[in-house]
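J.: Have a look at the structure that comes next, please.
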Amino acid sequence: MATLLRIDSSASGDNSKSRQLADAFVAQWVAKNPEGKVVTRDVNANPLPHFTSETLGALFTQEEDRTAEQQAIVAIGDELIEELEAADVVAISAPIYNFSIPSTLKSYFDYVARAGRTFKYTETGPVGLVNKDAYVFSASGSFLENTPYDHQLPYVKTFLNFIGLTVKDSFVAGGQAMGPDGEKAFTDAKEKIAAAV
1 MATLLRIDSS ASGDNSKSRQ LADAFVAQWV AKNPEGKVVT RDVNANPLPH
51 FTSETLGALF TQEEDRTAEQ QAIVAIGDEL IEELEAADVV AISAPIYNFS
101 IPSTLKSYFD YVARAGRTFK YTETGPVGLV NKDAYVFSAS GSFLENTPYD
151 HQLPYVKTFL NFIGLTVKDS FVAGGQAMGP DGEKAFTDAK EKIAAAV
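Residue numbers for the sequence shown follow full-length UniProt numbering, so the first one is 1 and each next one is one higher.
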């Protein structure tokens, strides 16, 4: 049975255009994988703690020496990584907030980036260990894709590649605060999803 891990991060709830694009993708994936399982991780509804000195201290303390508090901190990342490892494909929806991703999604990335588990260092550089396909769904108020102001999609792709996730495709709806042009961009993105899945 195939498993799709869906990660949502928009603060706009059902009004989120990035979520709506992911909805379209998931619906088609389920239609093609009727026995498949969809696991949803909403980092807006259930935000993760931000990385602090306590987080790093827990991760760099030997397992047998960790306090109960440190064990609880490490367990957060363990759960997320196990969920990621159990998936066959990953779908990430993210708006652009202030030229980049929501801080809630950044926290998720911080927790799943773990040396020796999701990536490793080699003599020729870091190597990702997750080895799965991923799809990214993005929306923004203006048209930022392929401009110097887009620090979202390039960053997401770089990070996912770093841990071994291959971005098979990305679907972008820019201009969502710009009337008809934004509506057309959203429609075009949904049509692209329909053709790709």
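C-beta: ideal position from N, C-alpha, C; glycine also. No experiment lies behind these values; they were computed from the predicted model shown.
1) Spell out a yes or no on whether the segment 131 to 142 and the segment 174 to 191 are touching, meaning 3 or more CB-CB pairs, one atom from each, closer than 8 Å.
2) Could you check where the beta strand (DSSP E) with Ser107 kicks off and where it finishes?
3) Would you mind working out which of Asp8, Leu21, Trp29, Thr3 sits nearest Arg197, comparing C-alpha positions?
4) Along the chain, where does the alpha helix (DSSP H) that runs through Ile81 open and close?
5) What's the gap between the Cα of Ser16 and the Cα of Ala194?
6) So Tyr135 is in the beta strand (DSSP E); what residue range does that whole segment cover?
7) Quick one: grab the DSSP three-state call for Ile193.
8) Below 6 Å CB to CB, which residues in the same chain sit around Ile101 once its five sequence neighbours on both sides are set aside?
9) Are the beta-carbon atoms belonging to Ala86 and Thr3 less than 8 Å from one another?
10) Which whole-angstrom value describes the C-beta separation of Ala113 and Ile163, a residue pair presumed to lie in contact below a C-beta threshold of 8 Å?
11) When the Cα of Gly182 is compared with those of Ser170, His50, Glu145, which residue comes out closest?
12) With distance defined between alpha-carbon atoms, name the residue in Gly77, Phe137, Lys184 nearest to Ala115.
13) What three-state label does DSSP hand Ser142 in the structure shown?
14) Provide the residue span of the beta strand (DSSP E) that contains Ser10, from first to last.
15) Under the DSSP definition of a beta bridge, which residues are partnered with Thr40?
16) Taking the continuous alpha helix (DSSP H) assigned at Pro154, which residues delimit it?
17) Determine the closest residue to Asp42 out of Ile73, Ile7, Glu64, with distance taken between C-alpha atoms.
18) What are the residues that DSSP puts in a beta bridge with Phe119?
19) Please report the Cβ distance between Val74 and Ala58, rounded to the nearest whole angstrom; I am assuming they are in contact, meaning their Cβ atoms lie under 8 Å.
T.: Taking the geometry as given:
1) yes
2) Here residue 107 refers to the residue found at position 107 of the sequence shown. Here Ser107 belongs to no beta strand (DSSP E); instead the alpha helix (DSSP H) covers 103 to 112.
3) Stepping through the sequence shown from its first residue, residue 197 is reached at position 197. Checking the sequence, you will find Val at residue 197 rather than Arg. Minimum Cα distance to Val197 is reached at Trp29.
4) Taking the sequence shown and counting its residues from 1, the one referred to as residue 81 is at position 81. Counting along the chain, the alpha helix (DSSP H) containing Ile81 begins and ends at 68 to 86.
5) For this step, residue 16 is matched to residue 16 along the sequence shown. For this step, residue 194 is matched to residue 194 along the sequence shown. Roughly 19 Å separates the two Cα atoms.
6) Translated into positions along the sequence shown, residue 135 becomes position 135. It spans 132 to 139 - the beta strand (DSSP E) in which Tyr135 sits, taken as one unbroken run.
7) For this step, residue 193 is matched to residue 193 along the sequence shown. Ile193: helix per DSSP, three-state reduction.
8) For this step, residue 101 is matched to residue 101 along the sequence shown. Excluding positions up to five away in sequence, the list reads Ala94, Gln152.
9) Here residue 86 refers to the residue found at position 86 when the sequence shown is read from its first residue. Here residue 3 refers to the residue found at position 3 when the sequence shown is read from its first residue. Contact flag set, yes.
10) Your numbering for residue 113 matches position 113 in the sequence shown. Your numbering for residue 163 matches position 163 in the sequence shown. About 6 Å separates the two Cβ atoms, so the contact holds.
11) The sequence position of residue 182 within the sequence shown is 182, counting from 1. Here the closest residue by C-alpha is Glu145.
12) Taking the sequence shown and counting its residues from 1, the one referred to as residue 115 is at position 115. The residue with the shortest Cα to Cα distance from Ala115 is Gly77.
13) Residue numbering aside, residue 142 sits at position 142 when the sequence shown is read from its first letter. Note: Ser142 maps to coil in three-state DSSP.
14) The residue you call residue 10 lines up with position 10 of the sequence shown. Careful: Ser10 lies outside any beta strand (DSSP E) and carries neither H nor E.
15) For the purposes of this step, residue 40 is taken as the residue at position 40 of the sequence shown. Its beta-bridge partners are Arg6.
16) One-based indexing of the sequence shown puts residue 154 at position 154. Its alpha helix (DSSP H) spans residues 153 to 162.
17) On the sequence shown, residue 42 is found 42 positions in, with the first residue counted as 1. Looking at the Cα atoms, Ile7 is the closest of the given residues.
18) Counting from one through the sequence shown, the residue named residue 119 turns up at place 119. Beta-bridge pairing links Phe119 to Ala115, Gly128.
19) Along the sequence shown, one-based indexing puts residue 74 at 74. Along the sequence shown, one-based indexing puts residue 58 at 58. Val74 to Ala58, Cβ: 5 Å. Contact.
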